[in-house]
Structure formats: C-alpha cells, structure tokens
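Protein sequences, first through last, are from chains V and L.
Going left to right, the first sequence walks through residues 1 to 381 as our numbering numbers them.
Going left to right, the second sequence walks through residues 382 to 717 as our numbering numbers them.
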Amino acid sequence: MSIAGLLEGKRICVCGGSGGVGKTTTSAVIALGMAAQGAKVAVVTIDPARRLANALGLEELGNEPRLVEPGRLRSGGLDVRGELWAMMLDPKRTFDELIEHLAPDRGSAEEILANRVYRELSTAVAGSQEFTAVSKLYELDRDYDFDLLVLDTPPSRNALDFLDAPGRLTSFLEGRMLKTFVRPTGLGMRILGRGSGLLSAGLQRITGVDLLTDLSTFFRLLGGMTEDFRVRAAEVEKMLKADTTAFLLVTSAQREPIDEAIWFRRTLEESGLPFAGVIVNRVHHDILGDSPRGDVIAALEAGLDDELAARVAENFHDYHVLARRDEQNIARLAPGGDDRPQMLVPHFDDDVHDVEGLLRVHRYLFASEAERARMIAKVVA
Amino acid sequence: MSGLLDKRLIFVTGKGGVGKSTVATALGLLSARSGLRTIVVELSAQDRIQRTLADQDGEAGERPDPLVENELSPGLFTISIDPQQAMEEYLRIKIGPIGQAIGSSKLFHAFAMATPGMRELLSIGKVWELAQLHRRTRGAAPYDLVVVDTPASGHGVGILRTPRTFAEIARVGPIAHQGRAIARTIADSDFTAVLAVATPEEMPVNETLMLRDALASDGLSLHNVIVNAVYPSRFEADELLHLREAVEDADSPLARAAIRAAVSECARADNQRRQLTRLAAGLGRPLIELPFVFADHLGRGELERLADRLGAGFAGEEREAKPTRPPAAHAAEELP
Numbered sequence: 001m002s003i004a005g006l007l008e009g010k011r012i013c014v015c016g017g018s019g020g021v022g023k024t025t026t027s028a029v030i031a032l033g034m035a036a037q038g039a040k041v042a043v044v045t046i047d048p049a050r051r052l053a054n055a056l057g058l059e060e061l062g063n064e065p066r067l068v069e070p071g072r073l074r075s076g077g078l079d080v081r082g083e084l085w086a087m088m089l090d091p092k093r094t095f096d097e098l099i100e101h102l103a104p105d106r107g108s109a110e111e112i113l114a115n116r117v118y119r120e121l122s123t124a125v126a127g128s129q130e131f132t133a134v135s136k137l138y139e140l141d142r143d144y145d146f147d148l149l150v151l152d153t154p155p156s157r158n159a160l161d162f163l164d165a166p167g168r169l170t171s172f173l174e175g176r177m178l179k180t181f182v183r184p185t186g187l188g189m190r191i192l193g194r195g196s197g198l199l200s201a202g203l204q205r206i207t208g209v210d211l212l213t214d215l216s217t218f219f220r221l222l223g224g225m226t227e228d229f230r231v232r233a234a235e236v237e238k239m240l241k242a243d244t245t246a247f248l249l250v251t252s253a254q255r256e257p258i259d260e261a262i263w264f265r266r267t268l269e270e271s272g273l274p275f276a277g278v279i280v281n282r283v284h285h286d287i288l289g290d291s292p293r294g295d296v297i298a299a300l301e302a303g304l305d306d307e308l309a310a311r312v313a314e315n316f317h318d319y320h321v322l323a324r325r326d327e328q329n330i331a332r333l334a335p336g337g338d339d340r341p342q343m344l345v346p347h348f349d350d351d352v353h354d355v356e357g358l359l360r361v362h363r364y365l366f367a368s369e370a371e372r373a374r375m376i377a378k379v380v381a
Numbered sequence: 382m383s384g385l386l387d388k389r390l391i392f393v394t395g396k397g398g399v400g401k402s403t404v405a406t407a408l409g410l411l412s413a414r415s416g417l418r419t420i421v422v423e424l425s426a427q428d429r430i431q432r433t434l435a436d437q438d439g440e441a442g443e444r445p446d447p448l449v450e451n452e453l454s455p456g457l458f459t460i461s462i463d464p465q466q467a468m469e470e471y472l473r474i475k476i477g478p479i480g481q482a483i484g485s486s487k488l489f490h491a492f493a494m495a496t497p498g499m500r501e502l503l504s505i506g507k508v509w510e511l512a513q514l515h516r517r518t519r520g521a522a523p524y525d526l527v528v529v530d531t532p533a534s535g536h537g538v539g540i541l542r543t544p545r546t547f548a549e550i551a552r553v554g555p556i557a558h559q560g561r562a563i564a565r566t567i568a569d570s571d572f573t574a575v576l577a578v579a580t581p582e583e584m585p586v587n588e589t590l591m592l593r594d595a596l597a598s599d600g601l602s603l604h605n606v607i608v609n610a611v612y613p614s615r616f617e618a619d620e621l622l623h624l625r626e627a628v629e630d631a632d633s634p635l636a637r638a639a640i641r642a643a644v645s646e647c648a649r650a651d652n653q654r655r656q657l658t659r660l661a662a663g664l665g666r667p668l669i670e671l672p673f674v675f676a677d678h679l680g681r682g683e684l685e686r687l688a689d690r691l692g693a694g695f696a697g698e699e700r701e702a703k704p705t706r707p708p709a710a711h712a713a714e715e716l717p
C-alpha cells in the first residue's frame with residue numbers, strides 16, 4: 001500500500017514518533033506527494049532543519065501557511081498538480097492569538113497576555129508546543145479549505161505528552177477547582193470546609209504568596225473563558241478522533257524507537273485515535289541473506305587484492321548485522337495477523353534536508369509495493 | 382577546571398535519538414568503576430537504562446518502582462523519577478502531617494500536575510536531593526556522583542532553567558527558596574557539569590550549537606561534547622576510486638552487493654566527517670568520539686567498552702586543558 005492509498009479521503013494526517021527518526025522530513029514528503037497528485041495540502045512543521053525550511057521557503061516563522069513556490073519543486077523534477085503550503089509553528093504566537101480570540105474584550109486579553117503566570121506558561125513550559133500544535137491544526141481545519149493537513153509533532157521524548165498536553169493544559173486553564181484555592185474566602189472554600197483550610201494553608205506555604213496573587217489574577221481573567229476552552233477542547237478531540245484523521249507512526253528501525261512506536265500505537269488505539277500505519281525510516285535492507293564471510297571474500301578476490309577484500313567483507317558483515325537487527329525490530333511492529341501497512345524507507349548515504357532529498361524519499365513512500373521492492377532490489381544487488 | 386568525575390552532578394543532554402541514555406549509562410559505569418558511589422537518573426519514567434543493564438545480568442525486565450534507588454552492580458544505582466511521587470515525597474518531608482494530607486488530596490494533585498513546569502520542578506528537585514551530602518530522604522546514603530539522563534535538548538535546557546523560573550515567579554516562600562537553592566547548585570561549575578551528546582548529522586549538530594548558546598545565556602557552559610555513533614574510516618580515497626570501478630566489473634551479485642555496501646560506507650563516513658568538522662569549528666573545542674556499535678542492541682559488554690572510550694576521551698581532554706606546571710620555586714611563592 002502506498003501513502004496515497006492510505007490517505008484517501010483523509011483531511012488530517014498526524015505524524016507521531018520519538019525524536020530523531022525523521023518525522024519532519026516524512027511530514028514534508030507526505031504533503032509534497034499528496035500535492036503532486038492534485039490535492040491542496042498544508043504541512044505544519046515544528047522545528048525543521050534550516051536547509052529543509054529553506055527548501056520549503058520557510059525562512060521565517062509566519063504562523064500562517066504559505067504557498068511553496070511550485071518552481072522550487074519543479075526544479076527537482078516533480079510536477080505538482082495541486083498546491084503545497086507550509087508553515088512553521090510559533091507556539092507563543094499561537095497561544096497569544098488563542099487568548100485574543102477567546103477573551104471577552106481587548107482589555108482582558110491584554111491583561112492576560114501581560115500576566116506573569118501566563119507568560120511563563122505560554123513559552124518556557126514543556127507541553128505548550130504540543131498544546132499549540134493541536135490548537136493550530138484545529139484552526140486550519142476550521143478556517144481554511146485545505147484538502148489535507150499534515151502535522152509534524154513536537155520532538156517530545158515521550159509521545160504521550162503530545163496526546164496528553166491539550167487535556168492537561170485545558171484542565172489547568174479551566175481552573176475551576178483552582179479558583180477555590182486562590183480565593184480562600186470564596187464560597188467554594190466554605191463549602192469544601194475544614195479540609196480546604198488545610199489545603200490552602202499548605203499551598204500557601206509551598207508556593208509563596210506572590211505566586212498565589214498572580215495565579216488568582218490569572219484565573220479571574222480566565223474566568224469568562226473557561227467554557228470556551230472546554231468547548232474547544234471537546235472539538236479538538238472530536239477532530240482527532242474523526243475517521244477522516246489518520247495517525248501515522250514514524251520510526252527508525254532501532255530498538256528504542258521501535259519500542260516507543262509499539263507503545264505509542266497501543267496508546268493511540270486505547271485512546272480511540274485512528275492509527276493508520278507505520279513508516280520506518282533508515283532501514284538497512286539485506287536481501288542477499290546470510291552468506292558466510294568466506295564466500296564473500298572468495299567472490300571479491302577476482303577484482304580486489306586480499307587485504308582490501310577482507311576489509312570490504314568485514315564492512316559487509318557489519319552492515320548485515322544492522323540489516324538483521326532492523327528486520328527483527330520491524331517484525332516486532334506487526335505481531336501475527338496484523339494487516340496495518342508498514343512502509344520502509346532505506347537508509348540513504350546522506351541526510352535528507354533539501355528538495356532533492358525529499359524527492360528521493362517521495363519515490364519510496366508513494367510507490368506501490370511492487371515498485372518499492374524493485375527499487376530496493378536495484379540498490380542492494 | 383576540575384575533572385569531570387570530581388563533580389557531583391552531571392546532566393547529559395542532547396537531541397532525541399542521539400544516544401543520551403547510552404552515554405549516561407556508560408558514564409555511570411565509568412564512575413562506579415573508579416570507586417565512586419554513582420546513581421544514573423532517568424527523568425521520563427522509562428526505565429530504559431535499568432532494563433539495558435539488567436537484561437545483561439539475566440534479571441527479569443519488570444518495571445521497578447519509581448523513586449526507588451536500585452543497586453545494579455556494586456556502587457552503581459539507577460532511579461526513575463516520577464514527578465507525582467516526587468511531589469508526595471517532597472510534601473511528606475517538607476511539611477509533615479499537613480503535607481501528607483495535601484499530598485493525598487485529589488484537588489492538590491490536579492493543581493500541581495496541571496501547573497506548567499511543576500513536573501519539571503519536582504523532578505529536578507529530586508535530582509538535587511540525590512546530589513546532597515545530607516539527604517532529605519531518611520536513612521539514605523549520599524552519592525559521590527549523580528548522572529542525569531536529561532530529556533531531549535529543547536526540553537533539557539527547560540528543565541535546567543525551571544528552578545530559576547519558579548524562583549522568579551514565586552519570589553518568596555518555600556518554592557522560591559528551593560528554586561533558588563537548586564539554581565545555585567546548577568550554576569556552580571565545581572558541583573555541576575553539563576555534557577552534550579550529538580551524532581555527526583545535520584540536525585543534532587545544529588541543536589548542539591544552539592544548546593551551547595542557550596546554556597551560555599543562562600551562564601552555563603558545556604563541560605564536554607560527546608559525538609556518538611561515529612563510523613570507522615575503513616577506506617582511503619584512492620581505495621574508494623578503485624572500489625567504484627570494481628562495482629562495474631564484479632560478476633557475482635554477492636561481490637557487487639559487498640562493494641556497494643563499502644562505497645555507501647565511504648559516503649556515510651565522509652558525511653559524518655564533514656559534520657564533525659562543522660561541530661568542532663562551531664564550538665571551538667575538541668570533541669570526544671564514540672564509535673558506532675555494529676550490534677543488534679547495546680548490552681552490558683558494549684556499554685563497558687563505551688565506558689573505556691569515554692574514560693580515555695575525558696583523560697585526553699583533561700591532559701590538554703591542564704596548564705603546564707609552573708617551576709617549583711615559582712609555585713612556592715604563591716603560598717601564603
């Protein structure tokens with residue numbers, strides 16, 4: 001199955017996986033390939049390599065999608081029948097825009113944006129990238145007429161952060177429970193009774209009074225917006241769970257990323273999110289199998305001197321170890337009877353960071369299974 | 382500048398997928414070998430390090446309890462920090478019975494865990510506690526060295542900055558106090574060192590350079606930069622030319638595949654060299670290289686060998702850094 005078949009009828013494609021496995025590149029390739037086939041596609045990237053950003057015309061953070069000049073892609077030999085749009089996420093700005101959008105009036109929006117607790121929360125804090133990425137995806141889905149949105153997820157070590165963060169931050173922003181803490185004289189406090197007295201005393205001792213004041217201002221300001229946040233969180237969840245959404249797992253063939261992909265997939269399925277398939281990057285293919293080193297040396301001796309032949313054979317053996325490792329790890333991804341598609345992209349000799357590199361990956365991901373097998377055979381033998 | 386193993390707290394940072402856990406573990410082995418009571422800390426509750434080391438010892442791969450200090454071999458411990466449990470422990474120790482009541486309150490959990498940055502603060506608070514000579518944890522013996530496998534670098538700087546951020550927000554009270562104490566510890570270069578791990582590839586090299594700048598703006602510097610998974614240079618340039626011709630002439634598929642693999646290896650090693658040069662030039666300092674390990678996974682044996690290489694690398698850098706000893710007479714004048 002090719003990526004194009006997999007994304008037939010989909011409006012959103014989320015690429016997840018652990019750090020360093022090529023998520024950003026893969027997202028760009030998917031968007032490019034679908035655009036080539038005639039769709040209007042936007043790719044939202046988080047932290048592209050500079051050369052890749054340049055390749056897509058993303059020299060600056062725009063926070064709105066921009067059309068990638070077709071000329072950039074045509075020079076690489078790909079005819080794009082649709083449109084490829086790209087943007088680099090600016091988490092801080094996305095967060096600010098969300099506040100401006102949801103605040104009842106200009107004055108309270110400004111007060112929130114200036115609040116110390118908010119400022120820390122919207123920038124320094126882990127989870128804000130995840131939160132804003134999903135938030136942006138939702139806005140693009142609602143406000144634009146793209147056929148497909150491709151989201152590159154933040155490089156969090158723990159893939160669950162990405163799924164968790166919107167809920168975690170929203171529940172913080174909702175702050176219904178917290179308001180009772182920060183206003184010790186409030187009605188809520190009296191209802192909660194004796195226990196809450198202890199709680200607020202303890203909280204005060206731990207946090208320091210100043211933090212409480214800032215928090216209380218923050219929640220007073222957000223007070224009018226909590227319902228909007230709740231509604232929005234519910235809509236985002238609906239969007240992610242829709243059958244027009246596809247979660248693709250991106251991984252390399254090493255043990256740890258594969259472990260993480262297996263675990264991520266289980267989490268997706270348990271959370272009712274639509275898992276669509278796995279892309280394995282940097283695979284060492286080895287279709288010649290396990291030839292003894294002696295045979296390799298014998299075959300090489302016709303054209304190379306003994307010493308060089310021995311080194312070439314040693315290198316081949318090392319490569320074979322990696323190929324076997326990859327094969328075993330990939331097998332773990334698909335336990336018996338599993339028919340979810342797996343797409344393997346070979347380990348290229350150099351990093352993929354430019355249009356030419358994207359096109360090289362594109363040839364594999366958008367090929368049919370038979371074409372892919374032919375290409376791999378050509379590389380290996 | 383004192384030697385790396387003279388520190389008490391080492392943060393191993395870097396982009397995801399570059400082998401931070403591997404380096405942190407090898408560093409732990411190296412430290413324990415030299416007789417230091419060492420603990421390797423995982424912050425993401427993944428127990429990866431423990432599993433790697435324990436597999437090799439033939440123990441069952443069950444998930445250990447978070448916050449338990451496990452002795453894996455004499456003098457080498459691991460711990461996996463779970464922020465929630467770190468908070469309960471903190472509250473119990475810090476404010477006694479009230480703390481206990483708060484710690485078990487659902488409302489309070491919701492507050493603490495939803496507060497952005499609180500998880501990081503609690504995790505690093507526990508790291509700090511492990512590195513103290515007088516441990517807060519009752520009956521706990523002090524460690525000579527705490528090695529932290531820090532989450533991926535953007536994040537990694539975040540976690541080093543969290544204590545200061547909280548100290549600034551809270552200004553007064555125990556969080557501010559604690560935040561400041563931890564921030565002071567992190568800034569003390571006799572106590573704390575930050576290592577960067579990279580692989581010789583475009584993005585990890587970029588990120589290491591950015592990490593250096595981000596740390597510098599917080600007044601921190603990189604004690605060492607370790608480049609992991611470096612390919613051997615197996616073939617000379619003239620041999621490569623020869624191999625390229627030989628591919629065309631080879632008449633067996635086996636020979637062709639083997640020679641192709643060698644040509645690929647040359648290209649990869651060459652790309653790596655370029656990135657290594659770029660990193661060394663960008664940082665203006667030497668790098669410690671660890672070899673690519675051609676194995677299906679890293680077990681204890683491979684980690685021990687990487688520890689050897691690390692040890693040699695640190696020793697080399699420390700020899701370079703040491704100023705030539707002044708003549709004895711001159712040294713005597715310096716004494717009070």
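Cβ atoms here follow ideal geometry from the backbone N, Cα and C, with glycine treated the same way.
Bear in mind the structure is a predicted one, so any value in this text is a computation, not a measurement.
Item, Value
"Reference Leu-32 (chain V), options V:Gly-17, V:Glu-59, V:Gly-22 and V:Ala-4, closest by Cα", "V:Ala-4"
"Beta-carbon proximity list for Ala-574 (chain L), same chain, < 8 Å, skipping 5 on both sides", "Leu-385, Lys-388, Leu-390, Ile-391, Phe-392, His-604 and Asn-605"
"Opening and closing residue of the alpha helix (DSSP H) in which Lys-23 (chain V) lies", "23 to 36"
"His-285 (chain V) versus Ser-75 (chain V) - alpha carbon distance", "30 Å"
"Within the region 515 to 555 of chain L, ranges of the alpha helix (DSSP H) (whole runs, at least 4 residues)", "534 to 551"
"Whole-Å CB distance - Val-578 (chain L) paired with Gly-395 (chain L), under 8 Å assumed", "4 Å"
"Residues that Phe-675 (chain L) contacts on chain V, provided the C-beta gap is smaller than 7 Å", "Asp-318, Val-321 and Leu-322"
"Residue range of the alpha helix (DSSP H) that includes Ile-297 (chain V)", "293 to 300"
"Contacting residues, own chain, Cβ-Cβ under 7 Å from Gln-559 (chain L) (five flanking each side not counted)", "Gly-506"
"Residues bridged to Val-278 (chain V) [DSSP beta-bridge criterion]", "V:Leu-249 and V:Gln-342"
"Under 8 Å between C-beta atoms of Phe-673 (chain L) and Val-611 (chain L)", "yes"
"7 Å Cβ cut-off: residues of chain V touching Asp-630 (chain L)", "Gly-303"
"Arg-119 (chain V) versus Leu-113 (chain V) - alpha carbon distance", "7 Å"
"Residue-level contact to chain L via CB, Asn-63 (chain V), 8 Å cutoff", "no"
"Neighbour flag for Pro-643 (chain L) against chain V, beta carbons, 8 Å", "The question names Pro, but residue 643 (chain L) is Ala in the sequence shown. Output row for Ala-643 (chain L): interface = yes."
"Residue span of the beta strand (DSSP E) that contains Gly-456 (chain L), given as start and end", "Counting along the chain, Gly-456 (chain L) falls outside any beta strand (DSSP E), and DSSP gives it neither H nor E."
"Contacts of Asn-115 (chain V) in chain L (Cβ-Cβ under 7 Å)", "Simply none; closest approach about 11 Å."
"Secondary structure, beta strand (DSSP E): runs of 3+ residues fully inside the region 626 to 713 of chain L", "669 to 672"
"Meets three-Cβ-pair contact criterion under 8 Å: the region 246 to 256 of chain V and the region 4 to 22 of chain V", "yes"
"Alpha carbon of Arg-220 (chain V) to alpha carbon of Leu-365 (chain V), nearest angstrom", "50 Å"
"Assumed close pair Val-312 (chain V), Ala-643 (chain L) - CB separation to whole angstroms, cut-off 8 Å", "5 Å"
"Interface positions of the region 354 to 369 of chain V facing chain L (Cβ-Cβ less than 7 Å), listed along the chain", "none"
"Length-filtered (4 minimum) alpha helix (DSSP H) runs lying within the region 78 to 153 of chain V", "91 to 102, 106 to 114, 116 to 122 and 128 to 143"
"For Leu-382 (chain V), the three-state DSSP class (helix, strand or coil)", "Lying outside 1 to 381, the shown extent of chain V, residue 382 (chain V) is not represented and no answer is given."
"Euclidean distance between Cα positions of Glu-343 (chain V) and Thr-153 (chain V)", "Sequence check: residue 343 (chain V) is Met here, not Glu. Cα to Cα, the separation comes out at about 19 Å."
"Three-state secondary structure assigned by DSSP to Arg-66 (chain V)", "strand"
"Spatial neighbours of Leu-411 (chain L) in its chain, beta-carbon cut-off 6 Å, leaving aside the 5 residues before and after", "Ala-688, Leu-691 and Gly-692"
"Chain L within 8 Å of Ser-135 (chain V), Cβ atoms only", "no"
"Chain V contacts made by the region 574 to 586 of chain L, where a contact means CB separation under 7 Å", "Glu-582, Glu-583 and Met-584"
"Distance between Arg-232 (chain V) and Thr-267 (chain V) (C-alpha atoms, nearest Å)", "23 Å"
"Helix, strand or coil at Met-177 (chain V) according to DSSP, with G and I counted as helix", "With a pLDDT of only 49 at Met-177 (chain V), under 50, the local geometry of the prediction cannot be trusted, and the value read off the model is given with reservation. Three-state DSSP puts Met-177 (chain V) in a helix."
"Met-1 (chain V) classed as buried or exposed, judged by whether at least 16 other C-beta atoms fall within 10 angstroms", "exposed"
"Close-in-space but distant-in-sequence residues of the same chain around Ala-441 (chain L) (CB under 6 Å, 5 per side omitted)", "Residue confidence is low: Ala-441 (chain L) scores 36 on pLDDT, short of 50, so the model does not pin down where it sits. Its coordinate-derived value is still stated next. If we look at Ala-441 (chain L) and ignore the five residues flanking it on each side, it has no Cβ neighbours."
"At least three beta-carbon pairs within less than 8 Å, the region 295 to 302 of chain V to the region 352 to 371 of chain V", "no"
"Ala-418 (chain L) versus Arg-360 (chain V) - alpha carbon distance", "The identity of residue 418 (chain L) in the sequence shown is Arg, whereas the question assumes Ala. The alpha-carbon atoms of Arg-418 (chain L) and Arg-360 (chain V) are separated by roughly 50 Å."
"Where Lys-40 (chain V) falls: helix, strand or coil (DSSP)", "strand"
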